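Remarks on the structure that follows.
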Amino acid sequence: MPGHQLAPDIPSDVLAAEQAHLAESRQALQAMREHAQSLSADAAGDWVSQQILQSLLDQRVAALADHPDTPLFFGRLDRAAVDDLPGTIYVGRRHVHDGGSRPLVIDWRAPVSRAFYQASPTDPMDVVRRRRFGYHGGALTAFEDESLADGAELGPASGASKILTEEIERPRTGPMRDIVATIQPDQDEIVRAALAQTVCVQGAPGTGKTAVGLHRAAYLLFTHRERLARAGVMIVGPNKAFLSYISSVLPALGEVKVDQTTAMELLGGHAAPEDPEVAAIKGSARMAAVLERALWLHIVKPAEGVVYTKGVYRFRVADHEVREIVASLRGTTRYGPGRAALAQRLAHQVLVRMEQRGESPDDRVQDAVARSKPVKELVDAVWPKLVPAQVLYRLLSDPDFLAQACAKTEISASEQEMLLWPQRSSGASSTRPYRSWKSAKWSAADAALLDELADLIERTPSIGHLVVDEAQDLSEMQLRALGRRCRTGSATVLGDLAQGTTPWSTSSWESVLEHLGQTTGEVTELTLGFRVPREVLDFAARLLPAIAPELAPPRSLRPGAGSLTVRPSGTITDTVREVLAREGSIGVIAPDDLVPSISSDLSGVPHAVLGPESTEEHRVLVIPATLAKGLEYDHVIVLEPADIVSAEPRGLARLYVVLTRAVTSLTVLHSKPLPALLAG
């Protein structure tokens with residue numbers, strides 16, 4: 007068994023030496039930042055180059071920012087390996103070197119740092135001793151040693167790391183923090199997966215799947231800096247409140263240039279209200295074939311040819327030749343490039359006739375012919391210029407066109423009726439809800455359809471890596487939209503099938519990967535929780551047989567005795583005041599329609615209400631149940647579980663989400679009977 011040794015049992019000069027190394031490292035980091043600030047972009051040859059260089063320098067300065075309350079390093083490895091690296095290395099959040107380029111801290115993402123997370127007595131990975139450091143704020147206050155050498159014992163204590171446990175359980179306020187000091191071996195394997203490999207993580211509550219996804223993004227940026235700097239990395243979360251919660255993780259790791267957005271924002275921000283049943287039809291991948299057919303139905307059969315006049319000569323391309331050109335292009339290219347190609351093909355045929363007359367036209371003549379009025383008029387008539395909204399507007403407002411687009415029976419007649427915008431009466435006539443595609447108000451489900459059409463017209467640019475959190479809640483069409491953005495890259499897909507709360511929530515990660523276009527992705531499962539106390543997790547897991555019977559019940563490393571309180575009575579104000587006596591953040595989670603009255607009841611207690619667009623930071627937050635997903639609080643108070651369940655079709659899944667947000671304690675207040683599974 008490995009041995010552990012805590013600071014009170016060791017000579018103070020050892021602790022002082024480590025504190026001195028921390029001070030030296032902080033001074034070196036400051037010197038690195040000052041050096042970066044002293045560099046000038048004036049050396050670049052022109053204004054554009056200067057702006058690019060200045061942007062890179064600004065990013066470098068931001069990445070070298072020190073955070074006084076955050077440990078600069080959290081571990082040390084004493085190594086037996088014979089290589090170019092020092093025998094002793096300190097593992098931290100970023101690389102730090104002194105004026106002589108001597109490494110004082112090694113980035114946790116470097117290959118040599120992998121041993122800090124993976125080394126064990128059975129596979130020491132050339133490590134003799136692993137040391138973990140304990141901090142209070144930014145001050146190094148303790149350390150703990152673990153011997154990995156055969157037969158060595160450094161102290162009498164053995165078993166789990168106390169420092170590691172305390173770091174995991176440390177109360178939090180404000181946004182999510184990084185977990186570089188506490189990454190577990192199974193998490194580390196996911197974090198360090200190859201860039202080309204798409205990884206899908208089924209993670210039970212408290213297993214750190216979100217943090218793992220963010221740390222994988224940081225690792226890939228470190229390992230493939232130049233490539234991903236060009237191609238880009240994007241984080242997609244469920245809402246802005248979630249993005250605010252995770253916003254500080256990557257900057258704390260020195261990664262300041264990563265796009266973070268929601269699926270709704272990415273697809274245009276459309277949010278018109280819509281019947282969930284209609285949204286579910288629109289979210290089905292069956293709509294992809296309907297949309298493709300609807301787009302190409304706008305191409306009409308050429309009725310006549312084209313005549314181009316140059317001087318006294320007339321050059322004719324016959325109608326049957328035009329039909330052959332259109333037929334050869336239709337369906338073999340995207341709609342937009344196909345339209346441009348039609349003009350060029352027609353122009354080429356005109357040039358052939360010019361050459362037959364003995365002329366020698368060049369590419370400039372062909373371009374001029376392609377832009378000429380006769381060619382443009384024919385192209386507009388046969389292959390009209392379109393934007394996605396035009397096609398979708400016609401599809402949802404014209405019953406005959408919708409039926410024609412659904413001719414292959416992807417969408418049933420009854421579903422077509424549901425998809426069509428309702429007609430509203432105005433006197434003796436009926437008019438459409440919207441006068442044209444320009445005035446139409448689109449729903450979130452429509453946004454994914456518009457994105458599909460946009461890609462059919464012009465190819466969507468791809469990025470290097472995509473991280474998608476709460477992926478179980480995305481529709482098949484939304485997944486297709488995200489997949490287009492990593493078709494030449496890879497993805498990290500995160501979620502929990504048991505936490506699916508939308509009408510189209512998936513029951514299979516293989517299906518998610520298929521619609522993302524990442525069918526070779528690897529599905530892995532995290533079931534061992536570190537954040538949610540066992541008593542709380544076991545209570546919430548009573549709901550699993552009803553919402554996700556195929557999943558193994560999650561386990562927690564933390565017993566959490568006394569962490570769960572269920573009260574059939576009691577006021578919210580008294581409960582919040584009681585919890586305020588403890589350290590840490592407090593989340594009051596209530597059914598959405600009760601949030602205003604709960605906030606009013608708490609008028610005597612400083613607090614804030616979390617909204618879908620808000621980025622509130624407050625020790626006490628009142629949270630609508632529908633916004634709780636992905637968030638964590640030290641202490642959670644849940645009100646009226648029965649109302650949370652009855653508010654939506656997948657209410658039991660929503661309740662499972664709500665009950666698993668607590669890191670230290672969960673209090674359930676209810677005046678109505680608990681759901682039967684919980685009461686049992």
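Taking my numbering, the leading residue of the sequence shown gets 7, the next gets one more, and so forth. For every residue, glycine included, the Cβ atom is placed at its ideal position computed from N, Cα and C. In this text the structure is predicted, and so the values were computed from the model without any measurement.
Scanning Pro211, Asp90, Ala68, Leu83 for the CA closest to the CA of Asp544 turns up Pro211.
In this model, Gly144 and Glu40 are separated by some 21 Å (Cα to Cα).
With contacts defined as CB atoms closer than 7 Å, Gln478 and Thr512 qualify as a contacting pair. Distance between Ala634 and Ser606, taken at the CA atoms: about 20 Å.
Residue range 94-98 is occupied by the beta strand (DSSP E) that includes Ile95. For Leu684, the uninterrupted alpha helix (DSSP H) run begins and ends at 682-685, by DSSP. In this chain, the alpha helix (DSSP H) harbouring Val356 covers 341-362.
In this structure, Val473 sits near Ala223, with a CB-CB distance shorter than 7 Å. Just so you know, the alpha carbons of Met182 and Ala278 end up roughly 31 Å apart. C-alpha of Val88 to C-alpha of Ala217: approximately 34 Å in a straight line. Selection Arg138, Cys206, Arg233, His230 evaluated against Thr188 yields Arg138 as nearest (Cα-Cα). Below 8 Å, enough C-beta pairs join the stretch 533-551 and the stretch 562-570 to call them touching: three or more. The shortest C-alpha to C-alpha distance from Tyr639 to any of Asp649, Ile650, Ala653, Leu627 is the one to Leu627. Looking at the DSSP output, Glu271 sits in no beta bridge, so it has no partner there.
Beta-carbon to beta-carbon, Ala34 and Leu110 are separated by about 5 Å, close enough to satisfy the 8 Å threshold. Secondary structure at Phe321: strand, using DSSP grouped into helix, strand and coil.
Taken through DSSP and simplified to helix, strand or coil, Phe149 comes out as strand. As DSSP reads the structure, Ile643 sits in a beta bridge with Val594, Thr673. Remark: fewer than three beta-carbon pairs, one from each stretch, lie closer than 8 Å, so the stretch 579-588 and the stretch 544-554 are not flagged as touching.
If you compare the alpha carbons of Asp194, His142, Gln193, Ala155 with that of Ile169, the shortest gap goes to His142. Unbroken beta strand (DSSP E) runs of no fewer than 3 residues, entirely contained in the stretch 550-627, are found at 570-573, 592-596, following chain order. Contact annotation: the stretch 236-255 touches the stretch 266-275, with at least three C-beta pairs closer than 8 Å.
The alpha carbon of Ala659 has as its nearest neighbour, out of Pro679, Pro574, Asp502, Glu531, the alpha carbon of Asp502. Positions of the alpha helix (DSSP H) runs, each at least 4 residues long and wholly inside the stretch 463-549, are given as 482-490, 515-522, 540-546 in order along the chain. From the listed residues Pro681, Ser46, Leu398, Ser517, the smallest Cα separation to Ala291 is found for Ser517. A contact between stretches requires three or more CB pairs, one per stretch, nearer than 8 Å, and the stretch 359-368 fails this requirement with the stretch 329-345.
Taking the Cα positions, Ala497 is about 13 Å away from Trp515. Selection Ala199, Leu348, Glu619, Gln524 evaluated against Arg377 yields Leu348 as nearest (Cα-Cα). Its chain contains Pro597 as the residues whose beta carbon lies nearer than 6 Å to that of Ala653, once the 5 sequence neighbours on both sides are disregarded; these appear in chain order.
Within a 10 Å sphere around the beta-carbon of Asp457 sit 16 or more other beta-carbons, which makes this residue buried. Leaving aside the five residues that flank Thr94 on each side, the residues in its chain whose CB is nearer than 6 Å to its CB run, in chain order, Asp84. Secondary structure of Asp90 (DSSP, three-state): coil.
Taking 8 Å as the upper bound for CB-CB distance, Asp194 and Gln124 are in contact here, some 6 Å apart. Counting only the Cα atoms, Asp281 lies some 13 Å from Trp448. As for any beta strand (DSSP E) of minimum length 3 sitting wholly inside the stretch 358-432, the runs are 430-432, ordered along the chain. Counting only the Cα atoms, Leu616 lies some 12 Å from Ile592.
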